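Protein chains in written order, with our numbering: chain A, 1 to 215; chain B, 1001 to 1215.
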DNA sequence: AAATAAGTGAAGGCATGCCTTCGTTTGCCG
DNA sequence: CGGCAAACGAAGGCATGCCTTCACTTATTT
C-alpha cells in the first residue's frame, strides 16, 4: 500500500512527504484538525507549496493521518473480541477509545465532530462492526444493559469529546471520571428507567458529515 | 439596571441597540458565539459601525446576551431548591440545564467551552451555589451518590455540549439519551466502583477561560 | 555528463472577519 | 426653529488562512 502510493516519488520528495506527515501528526495531535497548513509546513521545514503539491488540500492530509489512527481503532476493537470476560472486553474497549481521544485532539475531532473522506469509511465500518460484536456479546452475557447500542458508543465518544474540548490541558484526567460514571450506568445490575430512543445511525452520520461543511 | 445603562441614549440609538440585541440573541442561538458580527449587524438591519459603537467588541455583546441566559440559570437552580423530592429536584435541574444548552448554541458554548467576562461571574457563582445546595440535599437524602460534586455537573454540561455539537440538527433528541444514561449512574442504589477524582474547580475555571484565548 | 522531468520555494492573489475613519444625517434642547 | 452633539453608514485598513504561479534547482536517466 505504501509502495504503490509512493511509486514514482523522487527520493527528496519522499523525504519531504515523510517530514510533512510527521509534522502533521504532531500538529493535529496538539492543535486539532483546524491547525493552519502553513504551520504544518513550518514545522516540517518545508515550503507551503511543497505541502500542497503532496496533499492537494487539507482533507487529503487529514485523511492520510487519520488512516493510521483508524487502523489503531480497528485493531483495538478486534482485540477486544479476544478478551475473555464480555463486560471487561466492553469496558476496556470504551476506555481505550476514549483514551485515544484524550491523547490526540485530531482523533477527537476526526472521530466525532466531523467525518472526513470516503477513504476512511471502510476501516471505520470494520471497526464499528467489531464494536457491535463486543457490545452484543456483553449484552448476551447479561452484564451490559440490553438497550445499549452502537450508537450509544458514538454518543459516549461525543460526550468525551465535549469534556476533552473544555478541559484539555487544565484538567487532563477529568474525562476518566465521566467515563467511569457512564460505564457504571451501562451495567444491567444498575438499570435505571428506560432510556429515550437512540439516534439512528443515519442521523448520526448526517450530523457528523454536516459538522464541517463550510470548506 | 436597564434604565441606568441606557441613560442618555438617544431614542434612535436606543431602538438600534434593541434591534442589535434581538438579532444577536437569535444569531448566537442558531450559529453559536463565533458568528460574524457583520452577520448580526445585517440581521439587525444596522450598519456594522453602529454595532461597534454600542458594543466595543464581541465580548461585550456576548456578555449582554449571556447575562439573560445566566439569569435563567440562576432562576432554575433556585427554583429547584423548592422542589420537595431531593432526587427529583436534582434530576430535573440537570435536565433543565441541559435543555437550555440544547435550545441555544450560544448557551452551550458560553456555559462550558469558554467563560467570557467578569460581569457574569457573580450570577454564575450564585447559580452554582444553589446547584451545590441541590446536590448536597440529594446526597444527604441518600439517593444521589455521595461522591457526586458540583464539578461533576460541569462535566455533564461539557459532555452534553459535545453531543450537541456533533448532533445538532440531525439528531436533536440524542442528548436526552445521554443525560438519562448519566442520571441513572448518579443514583446511590446503582453505585459502581469508585470514581476517579473530580477535577478541581480551579482547574475547570482555568480550562474554560483558556478555551478561547486567541482573540 | 547532458537532457529532462520532477520538485522546490518566494511571492502574491483571494476571501473572510475584525475593527476604524470620516463625511453626512438626525434627534433633541433651548 | 436653529444649532449642535450624537449617531449613522459607506468605505477601507489590517490580519489571517487558503491556495496558485512561476522562475529556479535537483535527482534521475541514458
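Positions of the beta carbon are idealized from the N, C-alpha and C atoms, including for glycine.
In this text, all values refer to a predicted model and were calculated from it rather than measured experimentally.
Limits of the unbroken alpha helix (DSSP H) element including residue 105 of chain A: Membership of residue 105 of chain A in the alpha helix (DSSP H) is indicated by the continuous run 105-108.
Alpha-carbon to alpha-carbon, residue 1045 of chain B and residue 1021 of chain B: The alpha-carbon atoms of residue 1021 of chain B and residue 1045 of chain B are separated by roughly 12 Å.
Among B:1072, B:1098 and B:1149, the one whose alpha carbon lies nearest that of residue 1201 of chain B: Relative to residue 1201 of chain B, the option among B:1072, B:1098 and B:1149 whose CA is nearest is B:1149.
DSSP three-state assignment for residue 1144 of chain B, whether helix, strand or coil: If DSSP states are grouped into helix, strand and coil, residue 1144 of chain B belongs with the strands.
Chain A contact for residue 1037 of chain B (CB, 7 Å cutoff): By this cut-off, residue 1037 of chain B is not an interface position.
Status (buried if at least 16 other CB within 10 Å, exposed otherwise) for residue 1056 of chain B: It counts as exposed.
N- and C-terminal bounds of the alpha helix (DSSP H) containing residue 1045 of chain B: It is not in any alpha helix (DSSP H) - residue 1045 of chain B carries neither H nor E in the DSSP assignment.
Counted within 10 angstroms of its Cβ, other Cβ atoms place residue 109 of chain A as buried (16 or more) or exposed: Buried is the call here.
Buried/exposed call for residue 23 of chain A, threshold 16 Cβ in 10 Å: When all chains shown are included, residue 23 of chain A counts as buried.
Whether residue 74 of chain A touches residue 126 of chain A by CB criterion (7 Å): Going by beta carbons, residue 74 of chain A and residue 126 of chain A fall inside the 7 Å limit.
CB contact below 7 Å: residue 213 of chain A versus chain B: Because the pLDDT at residue 213 of chain A is just 34, under 50, the model does not fix this residue reliably, and the value given afterwards should be weighed accordingly. Taking a beta-carbon distance threshold of 7 Å, residue 213 of chain A does not count as an interface residue toward chain B.
Within chain B, the residues that residue 112 of chain A reaches when beta carbons sit closer than 8 Å: Those are 1162 and 1166, listed as they occur along chain B.
DSSP state of residue 187 of chain A mapped onto helix, strand, coil: It is a strand residue.
For residue 61 of chain A, the first and last residue of its enclosing alpha helix (DSSP H): Where residue 61 of chain A is concerned, the enclosing alpha helix (DSSP H) stretches over 58-80.
N-terminal and C-terminal residue of the alpha helix (DSSP H) that residue 1150 of chain B is part of: Segment 1150-1167, the alpha helix (DSSP H) holding residue 1150 of chain B.
Any 3 or more C-beta pairs closer than 8 Å across the segment 1031-1051 of chain B and the segment 1080-1094 of chain B: The answer is no - the segment 1080-1094 of chain B does not touch the segment 1031-1051 of chain B, with fewer than three Cβ pairs under 8 Å.
Residue 1112 of chain B beta carbon less than 7 Å from that of residue 1185 of chain B: Not a contact, by the Cβ cut-off of 7 Å.
Residue interval of the alpha helix (DSSP H) (run including residue 27 of chain A): That run of the alpha helix (DSSP H) goes 11-31.
Nearest residue (CA-CA) to residue 77 of chain A, options A:169, A:19, A:182 and A:133: The candidate whose alpha carbon is nearest that of residue 77 of chain A is A:133.
Cβ-heavy atom distance, residue 127 of chain A to the ligand SAH, below 6 Å: By its list of ligands, the structure shown contains no ligand whatsoever, and the ligand SAH lies outside what it can speak to.
Residue 137 of chain A, buried or exposed, once every other Cβ within 10 Å from all chains shown has been counted against 16: When all chains shown are included, residue 137 of chain A counts as buried.
Neighbourhood of residue 65 of chain A by C-beta, 8 Å cutoff - its chain only, sequence neighbours within 5 removed: Counting only residues of its own chain and dropping the five nearest sequence neighbours on each side, residue 65 of chain A has a CB closer than 8 Å to the CB of 21, 24, 25, 28 and 106.
Backbone CA spacing between residue 1062 of chain B and residue 1070 of chain B [nearest angstrom]: In a straight line, the C-alpha of residue 1062 of chain B is about 12 Å away from that of residue 1070 of chain B.
Sequence-distant residues of its chain with Cβ nearer than 7 Å to residue 1141 of chain B (five each side left out): Closer than 7 Å at Cβ, skipping near neighbours: 1086 and 1087.
Backbone secondary structure at residue 1092 of chain B - three-state DSSP: Helix, per DSSP.
Under 7 Å between C-beta atoms of residue 1120 of chain B and residue 178 of chain A: Remark: C-beta atoms of residue 1120 of chain B and residue 178 of chain A do not approach each other more closely than 7 Å.
Listed by chain order, chain B residues near residue 32 of chain A by CB distance under 7 Å: None at all; the shortest Cβ gap to chain B is about 12 Å.
Among A:183, A:174 and A:165, nearest to residue 31 of chain A - alpha-carbon criterion: When the alpha-carbon of residue 31 of chain A is set against those of A:183, A:174 and A:165, the nearest one is in A:165.
Contact under 7 Å by Cβ, residue 1090 of chain B with residue 1144 of chain B: Yes; because the gap between Cβ atoms is below 7 Å, this pair is in contact.
Chain-ordered neighbours of residue 158 of chain A on chain B, where CB pairs are closer than 9 Å: Within 9 Å Cβ-Cβ: 1159, 1162, 1163, 1164, 1165, 1166, 1167, 1174 and 1178.
Residue 1033 of chain B, buried or exposed, once every other Cβ within 10 Å from all chains shown has been counted against 16: Counting the other CB atoms within 10 Å of its CB gives residue 1033 of chain B a total of 16 or more, which places it among the buried residues.
Among A:60, A:135 and A:50, the one whose alpha carbon lies nearest that of residue 14 of chain A: For residue 14 of chain A, the closest alpha carbon among the candidates A:60, A:135 and A:50 is that of A:50.
Burial state of residue 1009 of chain B (16 or more Cβ within 10 Å): Exposed, since its Cβ has fewer than 16 Cβ neighbours within 10 Å.
Cutoff 7 Å: residue 1120 of chain B Cβ touching any chain A Cβ: No, residue 1120 of chain B does not count as interfacial toward chain A.
Member of A:19, A:68, A:17 and A:11 whose CA lies at the smallest distance from the CA of residue 104 of chain A: Check the Cα spacing between residue 104 of chain A and each of A:19, A:68, A:17 and A:11: the tightest is with A:68.
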